[in-house]
Amino acid sequence: MGGEFLREGREAIAAADWARARACFEEARGLESAPEALDGLSEVANFEGEYERAIGLKEEAFTAYRERDKHVEASHAARWLGFMHATYHGNYTVASGWIARAESLLEGVEECAAHGWLILDHAPFSRSPEERQKVAASALAIARRFGDADL
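Numbering (my numbering), first residue to last: 1 to 151.
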């Protein structure tokens, strides 16, 4: 049943219906879908400009994903947290720590699109256009291999 609320919550996010999305994710939160519901609630808070709340919810989602050994999902949450700490707080030290967590969570995980996202995250920190091009090409190859159009 929680899965239905999660699906409806994701649809509501796609439609920018924040109130409906929030209600769906709150329902899912208590039905064994806690990490995904927390993740969804974090997205809603982010879209509504409640950045501190979004960060707190994403940290809770990260912890819940790790407790359930959902390494790819935890890695995505850590990547997002790294981005937010860099852009919202301007704290690159904390951001680097989250990116390192994201990377360590994917160690030993069979290659998937999440690896491409991590590779792409390194592009802005490269000083050379050639290195950025190499990083982007690697991420694009993974995106194509796994059909991740967003990547």
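Ideal Cβ positions, reconstructed from N, Cα and C, are used throughout, including at glycine.
Exercise. Can you tell me the Cα-Cα spacing of residue 118 and residue 31, whole angstroms?
Worked result: Roughly 31 Å separates the two Cα atoms.
Problem set entry | Nearest neighbour of residue 110, chosen from 142, 67, 127, 45 [CA to CA] | Checked all of 142, 67, 127, 45; the closest Cα to residue 110 is 142.
Exercise. For the candidate residues 122, 151, 73, 145, whose alpha-carbon lies nearest to that of residue 96?
Worked result: 122 is the residue among 122, 151, 73, 145 whose C-alpha sits nearest the C-alpha of residue 96.
Problem set entry | 3 or more residues per run - each beta strand (DSSP E) lying fully within the segment 18-55 | Here no run is fully enclosed.
For this session: Consult DSSP for residue 171 and reduce its assignment to one of helix, strand or coil.
Result: The requested residue 171 is not part of the displayed model; the chain covers only 1 to 151.
For this session: Determine contact between the segment 97-108 and the segment 129-144, defined as no fewer than three beta-carbon pairs at a distance below 8 Å.
Result: Touching, no, given that fewer than three Cβ pairs across the two stretches are closer than 8 Å.
Exercise. Alpha carbon to alpha carbon, how far is residue 48 from residue 18?
Worked result: The straight-line gap from Cα to Cα measures roughly 8 Å.
Exercise. Just to confirm, are residue 23 and residue 13 a CB contact at a threshold of 8 Å?
Worked result: Cβ atoms of residue 23 and residue 13: not closer than 8 Å.
Exercise. In terms of residue numbering, what span does the alpha helix (DSSP H) encompassing residue 113 cover?
Worked result: In this chain, the alpha helix (DSSP H) harbouring residue 113 covers 113-121.
Exercise. So is residue 89 buried or exposed if we call it buried at 16+ other beta carbons inside 10 Å?
Worked result: So residue 89 counts as exposed.
For this session: Please report how far the alpha carbon of residue 62 lies from the alpha carbon of residue 25, in whole angstroms.
Result: Whole-angstrom Cα-Cα distance: 16 Å.
For this session: Flag this pair as yes or no: are the beta carbons of residue 34 and residue 5 separated by less than 8 Å?
Result: Not in contact: residue 34 and residue 5 (Cβ atoms no closer than 8 Å).
Exercise. Exposed or buried, residue 128, counting other C-beta atoms within 10 Å across all chains shown (16 or more means buried)?
Worked result: Answer is exposed; the Cβ neighbour count stays below 16.
Problem set entry | Identity of the residue in 130, 132, 112 nearest residue 145 by Cα | If we check each option's Cα against that of residue 145, 112 comes out closest.
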